[in-house]
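Undergrad: The structure that follows is given in the form of structure tokens.
Numbering (UniProt numbering), first residue to last: 1 to 337.
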């Protein structure tokens, strides 16, 4: 009989396989001019999936630009993720009924989301919410001032903040060894007076254990935690990058031997939770799901011109109301040809 833990692991694998399929298709869309510059999550599927499974509906998630799996598990449709990377601001308007209803949008500037996450955590504490704030970043973000400021205030105020570093070994083209002399990025927690934990970012079970503990600790009012998840970026930094110019092919080949999707699939197969037929069926389902998302994305109508004024004020000033009314007429003319 399957346990809840077994079901959670199977759900994790299905998500990781789906997101890998989605990721490949997103890169192809960019290469054919139908998506903007895109940041792949290839090699980080276990990290994003574990984060999504560990968060509760009442928690807050503050993502960085590789967190496609987490946002998907929080209830953001795949076509909406494509909207964001296609330059459509509506991709940031997460469904109001989803777990992502209080989450922040993707953050592309490095580390700036961390001080925002600390602010959210401070507000949650002041309101006595039984909630944690999970913020993610890459290893490059640990060289930025915002990272240290967020950890410092989280430590001194005992904020319910968990910072999860995806240490994929590369800050664009800068290897970890040229960024810091610390033995581990988790050691950076010491100066803030909070726990620091290092975990295998390719091991779904280990990630869930560490994240579950850190998030529950935060919800219980016991303060912040810094988690360093060791992974390897199997893709270019973004579709605007060519990692072959600075990364050894032998290093990439070695990293592929330990990649998280196949690793979890093999673990599930050994436990009798997965087999070849399930794999075939699920891959076919992934193909259908992603193609449907792409079709939805490519056929979305343009945003109405009134959007540029609808999200600026609680109550629109009279002068702007006149402009909005004029734009609404234009929108109607465009819709009806």
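Positions of the beta carbon are idealized from the N, C-alpha and C atoms, including for glycine.
Treat the numbers as computed from the prediction; the structure is a model and nothing was measured.
Select from 168, 133 and 112 the residue whose C-alpha is nearest the C-alpha of residue 122.
TA: Counting from 1 along the chain shown, the entry for residue 122 is found at position 122. Comparing Cα-Cα distances from residue 122 to each of 168, 133 and 112, the minimum goes to 133.
Undergrad: Tell me the rounded alpha-carbon separation between residue 163 and residue 224.
TA: By 1-based counting over the chain shown, the position of residue 163 is 163. By 1-based counting over the chain shown, the position of residue 224 is 224. Near 8 Å, if we compare the C-alpha coordinates of residue 224 and residue 163.
Undergrad: So, using beta-carbon positions, are residue 79 and residue 296 closer together than 8 Å?
TA: Against the chain shown, residue 79 aligns to sequence position 79. Against the chain shown, residue 296 aligns to sequence position 296. For residue 79 and residue 296, yes; Cβs fall inside 8 Å.
Undergrad: Under the DSSP definition of a beta bridge, which residues are partnered with residue 196?
TA: Here residue 196 is taken as the residue at index 196 of the chain shown, counted from 1. Paired residues: 226.
Undergrad: If you drop the 5 nearest sequence neighbours on each side, which residues of the same chain put their C-beta closer than 6 Å to that of residue 293?
TA: In the chain shown, residue 293 corresponds to position 293, counting from 1. Taken in chain order, the residues that qualify are 78 and 79.
Undergrad: Pull up the DSSP beta-bridge partners for residue 165, would you.
TA: Stepping through the chain shown from its first residue, residue 165 is reached at position 165. Paired residue(s): 137 and 228.
Undergrad: First and last residue of the alpha helix (DSSP H) that includes residue 60?
TA: Locating residue 60 in the chain shown gives position 60, counting from the first residue. Counting along the chain, residue 60 falls outside any alpha helix (DSSP H), though it belongs to the beta strand (DSSP E) covering 60 to 62.
Undergrad: For residue 85, which of helix, strand or coil comes out of DSSP?
TA: Stepping through the chain shown from its first residue, residue 85 is reached at position 85. For residue 85, the three-state secondary structure derived from DSSP is helix.
Undergrad: Under the assumption that residue 230 contacts residue 198 (Cβ atoms under 8 Å), give the Cβ distance between them as a whole number of angstroms.
TA: In the chain shown, residue 230 corresponds to position 230, counting from 1. In the chain shown, residue 198 corresponds to position 198, counting from 1. That pair is a contact at about 7 Å.
Undergrad: Quick one: is residue 15 buried, meaning 16 or more other Cβ sit within 10 Å of its Cβ, or exposed?
TA: Looking up residue 15 in the chain shown gives position 15. Buried is the call here.
Undergrad: To the nearest angstrom, how far is it from the Cα of residue 91 to the Cα of residue 62?
TA: As a first step, residue 91 is located in the chain shown; it is residue number 91 there, counting from the start. As a first step, residue 62 is located in the chain shown; it is residue number 62 there, counting from the start. The alpha-carbon atoms of residue 91 and residue 62 are separated by roughly 15 Å.
Undergrad: On the three-state DSSP scale, how would you describe residue 301?
TA: Counted from its first residue, the chain shown places residue 301 at position 301. Coil, per DSSP.
Undergrad: Would you mind sorting residue 250 into buried or exposed? The rule is 16 or more other CB atoms within 10 Å of its CB.
TA: Stepping through the chain shown from its first residue, residue 250 is reached at position 250. Counting the other Cβ atoms within 10 Å of the Cβ of residue 250 gives fewer than 16, which makes it exposed.
Undergrad: Looking at the secondary structure, which residues open and close the alpha helix (DSSP H) in which residue 256 lies?
TA: Here residue 256 is taken as the residue at index 256 of the chain shown, counted from 1. It spans 249 to 256 - the alpha helix (DSSP H) in which residue 256 sits, taken as one unbroken run.
Undergrad: What does the alpha-carbon distance come out to for the pair residue 169 and residue 51?
TA: By 1-based counting over the chain shown, the position of residue 169 is 169. By 1-based counting over the chain shown, the position of residue 51 is 51. Going by the C-alpha atoms only, they are around 20 Å apart.
Undergrad: For residue 35, which residues from the same chain have a beta carbon less than 7 Å from its beta carbon, with the 5 sequence-adjacent residues on both sides left out?
TA: One-based indexing of the chain shown puts residue 35 at position 35. The answer, listed in chain order, is 26, 29, 82, 85 and 86.
Undergrad: When you compare only the Cα positions, how much space is there between residue 186 and residue 137?
TA: Position 186 of the chain shown, counted from the first residue, corresponds to residue 186. Position 137 of the chain shown, counted from the first residue, corresponds to residue 137. Their backbone Cα atoms lie some 13 Å apart in a straight line.
Undergrad: Just to confirm the assignment, what range does the alpha helix (DSSP H) spanning residue 16 have?
TA: Here residue 16 refers to the residue found at position 16 of the chain shown. Unbroken alpha helix (DSSP H) run through residue 16: 4 to 31.
Undergrad: Nearest-angstrom Cα distance between residue 246 and residue 237?
TA: By 1-based counting over the chain shown, the position of residue 246 is 246. By 1-based counting over the chain shown, the position of residue 237 is 237. Approximately 11 Å, taken between the alpha carbons.
Undergrad: Three-state secondary structure (DSSP) at residue 170?
TA: The count along the chain shown starts at 1 and reaches residue 170 at position 170. Three-state result, residue 170: strand.
Undergrad: Could you pull out every residue in the same chain whose Cβ sits closer than 6 Å to the Cβ of residue 324, ignoring the five residues on either side in sequence?
TA: Working through the chain shown from its first residue, we reach residue 324 at position 324. Taken in chain order, the residues that qualify are 306 and 309.
Undergrad: To the nearest angstrom, report how far apart residue 1 and residue 272 are at their CA atoms.
TA: By one-based count along the chain shown, residue 1 stands at place 1. By one-based count along the chain shown, residue 272 stands at place 272. Cα to Cα, residue 1 sits roughly 11 Å from residue 272.
Undergrad: Compare the C-alpha of residue 216 against each of 94, 159, 268 and 203 and name the closest.
TA: Taking the chain shown and counting its residues from 1, one reaches residue 216 at position 216. Closest option to residue 216, Cα to Cα, is 159.
Undergrad: Looking at residue 202: is its Cβ nearer than 8 Å to the Cβ of residue 12?
TA: The sequence position of residue 202 within the chain shown is 202, counting from 1. The sequence position of residue 12 within the chain shown is 12, counting from 1. Contact: no.
Undergrad: For the alpha helix (DSSP H) that contains residue 177, what are its first and last residues?
TA: By 1-based counting over the chain shown, the position of residue 177 is 177. From DSSP, residue 177 is part of no alpha helix (DSSP H); its letter is neither H nor E.
Undergrad: Skipping 5 residues on each side, what residues in its chain have a beta carbon closer than 7 Å to that of residue 110?
TA: The residue you call residue 110 lines up with position 110 of the chain shown. Answer for residue 110: 140, 141 and 144, listed in chain order.
Undergrad: If residue 60 and residue 102 are in contact, beta carbons under 8 Å, what's the gap, nearest whole angstrom?
TA: In the chain shown, residue 60 corresponds to position 60, counting from 1. In the chain shown, residue 102 corresponds to position 102, counting from 1. With 8 Å as the limit, residue 60 and residue 102 qualify as a contact, their Cβ atoms being about 5 Å apart.
Undergrad: How about residue 235 and residue 98: do their beta carbons lie closer than 8 Å?
TA: Residue numbering aside, residue 235 sits at position 235 when the chain shown is read from its first letter. Residue numbering aside, residue 98 sits at position 98 when the chain shown is read from its first letter. Contact flag unset, no.
Undergrad: Is DSSP giving residue 113 helix, strand or coil here?
TA: Sequence index remark: in the chain shown, residue 113 carries index 113 (1-based). Three-state result, residue 113: helix.
Undergrad: Can you name, in chain order, every residue of its own chain whose Cβ lies under 7 Å from the Cβ of residue 156, other than the five neighbours on each side?
TA: For the purposes of this step, residue 156 is taken as the residue at position 156 of the chain shown. Cβ neighbours of residue 156 beyond the five flanking positions: none.
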